[in-house]
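Going by numbering that gives the first Met the number 0, the sequence shown opens with residue 0, and the numbers climb by one from there. Cβ atoms here follow ideal geometry from the backbone N, Cα and C, with glycine treated the same way. This structure is a prediction, so every number in the text was calculated from the model and none was measured.
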Amino acid sequence: MNRNSEIIKTSIVGVIGNLILAIFKIIIGFASNSVSIKADALNNAGDSLSSIITIIGTRLSERDANQKHPFGYGRIEYLSSLFIGLLIVLAGLISTIESIKRIIHPEANEYSFLTLGIVAGAILVKLAIGFYTRNRGEALESVPLIASGKDALNDSIASGATLAAGIIYNLSGIGIEAYVALVISFLIIKNGFETLFNTLSSLLGEQADISLARAIKRSILTFPEVEDVFDITIHNYGPEKLIGSAHIAIPDSLTAAWVDNLQRAITKKVYEDTGVEMLGITIYAVNSTDTEAIAVRESVRKLAEQNHSVRAVHGFYLDKVDKVISFEAETDFNSGDEDLICQDLLQRIGSEYPDYDINVTINHNIDDPESESK
0 MNRNSEIIKT SIVGVIGNLI LAIFKIIIGF ASNSVSIKAD ALNNAGDSLS
50 SIITIIGTRL SERDANQKHP FGYGRIEYLS SLFIGLLIVL AGLISTIESI
100 KRIIHPEANE YSFLTLGIVA GAILVKLAIG FYTRNRGEAL ESVPLIASGK
150 DALNDSIASG ATLAAGIIYN LSGIGIEAYV ALVISFLIIK NGFETLFNTL
200 SSLLGEQADI SLARAIKRSI LTFPEVEDVF DITIHNYGPE KLIGSAHIAI
250 PDSLTAAWVD NLQRAITKKV YEDTGVEMLG ITIYAVNSTD TEAIAVRESV
300 RKLAEQNHSV RAVHGFYLDK VDKVISFEAE TDFNSGDEDL ICQDLLQRIG
350 SEYPDYDINV TINHNIDDPE SESK
């Protein structure tokens with residue numbers, strides 16, 4: 000299955016469906032003098048434009064990598080989502096202005112059974128478009144499609160409120176549709192800002208997906224030489240371009256040639272298992288045969304974890320010749336001042352091993368909240 004072709008097909012359905020709904024709603028909006036139906040029509044027109052932007056963005060993201068952009072153009076999909084979010088907010092603002100005008104200067108409405116029937120039918124169509132687009136977006140991991148699908152489902156709720164306002168007006172003569180339109184406008188704006196913030200979060204760089212990080216870790220740990228895997232980082236250059244790196248601990252007895260072959264094998268297996276390209280594998284040597292070093296490692300781990308900010312200890316190595324103890328202390332982002340944590344660890348471990356220089360690096364836990372020390 001070609002992912003981009005499927006995204007475009009789904010978007011074409013959105014363009015056609017929303018365009019038809021917009022035309023019908025603008026006609027009945029003017030016929031009934033309903034500002035909420037007009038706002039709904041404007042929103043449908045915006046949804047149609049959003050689907051067109053998704054198509055354009057998908058096509059542009061297909062461009063091959065080049066000297067200037069060696070990781071390709073996959074992130075254009077996220078830029079498409081930004082445009083969609085801005086369009087949603089703009090439609091909401093325009094609708095808000097029109098709703099306020101109608102509240103200040105109310106006008107009579109006319110809701111025929113035909114009008115209400117068309118609105119009811121439009122709700123069903125919008126629900127179908129929303130579920131279809133959102134589900135396809137989740138299956139294809141397309142941020143713009145997911146955003147469009149959620150927007151469509153929110154629109155169906157707004158249309159339901161418009162239908163309810165029309166029924167209330169026909170039964171009681173009480174006109175609340177301008178207020179309903181205002182509420183709809185606020186919902187539209189809220190949805191637009193959520194789309195913007197979610198997309199900006201993706202562009203800024205988010206924590207690695209936990210399930211994917213764990214899959215990478217499992218894949219690497221299938222190699223018997225690897226004793227520990229930590230600091231897994233995944234950079235997202237589009238849904239189909241994930242670049243990863245990881246730190247691994249291996250026995251200090253392995254030769255350079257062995258390590259080279261191991262790195263190549265890990266890179267190949269991780270890509271086969273997860274689709275992530277591992278462009279960086281940092282090697283940490285582990286004392287594998289020295290019983291004294293192994294005992295010191297366990298002692299240092301216990302001492303380090305007496306500091307409640309330390310979640311785990313990785314990459315431990317005892318250099319008995321140069322008298323150096325090296326390791327990484329893993330903390331959370333909210334653990335406080337790193338310098339204070341480092342000073343505490345230097346004091347705790349230095350007092351126990353005064354003949355050694357302590358080389359400690361503070362790293363944040365960015366891949367797995369349930370990681371354990373080794």
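Between the CA atoms of residue j and residue i - distance to the nearest angstrom
{"i": "alanine 121", "j": "serine 158", "result": "8 Å"}
{"i": "aspartate 230", "j": "phenylalanine 222", "result": "18 Å"}
{"i": "proline 353", "j": "isoleucine 242", "result": "42 Å"}
{"i": "valine 320", "j": "serine 334", "result": "34 Å"}
{"i": "threonine 95", "j": "tyrosine 168", "result": "21 Å"}
{"i": "arginine 347", "j": "arginine 300", "result": "11 Å"}
{"i": "glutamate 371", "j": "leucine 48", "result": "For glutamate 371, the predicted model reports a pLDDT of 45, less than 50, meaning its position is unreliable and no value from the coordinates is stated."}
{"i": "isoleucine 280", "j": "glutamate 5", "result": "34 Å"}
{"i": "tyrosine 260", "j": "threonine 288", "result": "The sequence shown places asparagine at residue 260, rather than the tyrosine named in the question. When rounded, the distance between both Cα atoms is 22 Å."}
{"i": "serine 79", "j": "glycine 204", "result": "17 Å"}
{"i": "alanine 119", "j": "leucine 162", "result": "7 Å"}
{"i": "leucine 85", "j": "isoleucine 188", "result": "9 Å"}
{"i": "valine 142", "j": "glutamate 76", "result": "7 Å"}
{"i": "arginine 213", "j": "threonine 132", "result": "29 Å"}
{"i": "isoleucine 51", "j": "isoleucine 99", "result": "30 Å"}
{"i": "tyrosine 72", "j": "glutamine 66", "result": "12 Å"}
{"i": "glutamate 369", "j": "leucine 345", "result": "A caution first: glutamate 369 carries a pLDDT of 49, below 50, which makes its placement in the model unreliable, though a value can still be read off. So the two alpha carbons sit approximately 25 Å from each other."}
{"i": "arginine 30", "j": "asparagine 190", "result": "The sequence as given places alanine at residue 30; arginine does not occur at that position. Answer to the nearest angstrom: the Cα atoms are 29 Å apart."}
{"i": "arginine 296", "j": "glutamine 305", "result": "14 Å"}
{"i": "glutamine 262", "j": "isoleucine 11", "result": "44 Å"}
{"i": "isoleucine 249", "j": "tryptophan 257", "result": "11 Å"}
Residues that residue i bridges to, as DSSP identifies them
{"i": "threonine 266", "result": "Paired residues: none, contrary to the question."}
{"i": "phenylalanine 82", "result": "According to DSSP, which records beta bridges pairwise, phenylalanine 82 is partnered with nothing at all."}
{"i": "serine 244", "result": "Thr232, Gly279"}
{"i": "tyrosine 355", "result": "For tyrosine 355, which the question treats as bridged, DSSP gives no partner whatsoever."}
{"i": "isoleucine 249", "result": "Ala284"}
{"i": "tyrosine 316", "result": "Ser325"}
{"i": "histidine 363", "result": "Thr330"}
{"i": "aspartate 227", "result": "Ala248"}
Assumed close pair residue i, residue j - CB separation to whole angstroms, cut-off 8 Å
{"i": "isoleucine 324", "j": "isoleucine 357", "result": "5 Å"}
{"i": "leucine 41", "j": "isoleucine 93", "result": "6 Å"}
{"i": "valine 359", "j": "phenylalanine 332", "result": "About 18 Å separates the two Cβ atoms, so there is no contact after all."}
{"i": "glycine 129", "j": "leucine 115", "result": "The Cβ separation is near 21 Å, so there is no contact."}
{"i": "isoleucine 219", "j": "valine 269", "result": "7 Å"}
{"i": "leucine 195", "j": "leucine 81", "result": "6 Å"}
{"i": "arginine 135", "j": "threonine 9", "result": "4 Å"}
{"i": "serine 147", "j": "threonine 53", "result": "7 Å"}
Where residue i sits in the DSSP three-state scheme
{"i": "phenylalanine 332", "result": "coil"}
{"i": "tyrosine 131", "result": "helix"}
{"i": "phenylalanine 326", "result": "strand"}
{"i": "glycine 214", "result": "Here residue 214 is alanine; the residue named in the question, glycine, does not match the sequence. Helix, per DSSP."}
{"i": "lysine 373", "result": "Reliability fails at lysine 373, whose pLDDT of 43 lies under 50, so the model's placement of it is uncertain and the value that follows must be treated cautiously. Residue state, collapsed to three classes: coil."}
{"i": "threonine 57", "result": "helix"}
{"i": "isoleucine 175", "result": "coil"}
{"i": "tyrosine 168", "result": "helix"}
{"i": "threonine 254", "result": "coil"}
{"i": "arginine 310", "result": "strand"}
{"i": "asparagine 190", "result": "helix"}
{"i": "phenylalanine 222", "result": "coil"}
{"i": "arginine 305", "result": "According to the sequence provided, residue 305 is glutamine. The question's arginine does not apply to it. Glutamine 305: coil per DSSP, three-state reduction."}
{"i": "serine 111", "result": "coil"}
{"i": "tyrosine 427", "result": "The question about residue 427 has no answer here: the residues shown for the chain are numbered 0 through 373."}
{"i": "arginine 62", "result": "coil"}
{"i": "leucine 126", "result": "helix"}
{"i": "asparagine 3", "result": "helix"}
{"i": "phenylalanine 185", "result": "helix"}
{"i": "phenylalanine 23", "result": "helix"}
{"i": "proline 143", "result": "helix"}
Q.
Three Cβ pairs or more, each shorter than 8 Å: is that satisfied between the stretch 307-322 and the stretch 334-343?
A. Yes, the stretch 307-322 touches the stretch 334-343.
Q) Is the stretch 24-44 in contact with the stretch 56-71, if contact means three or more CB pairs nearer than 8 Å? A) Result no; under three Cβ-Cβ pairs closer than 8 Å.
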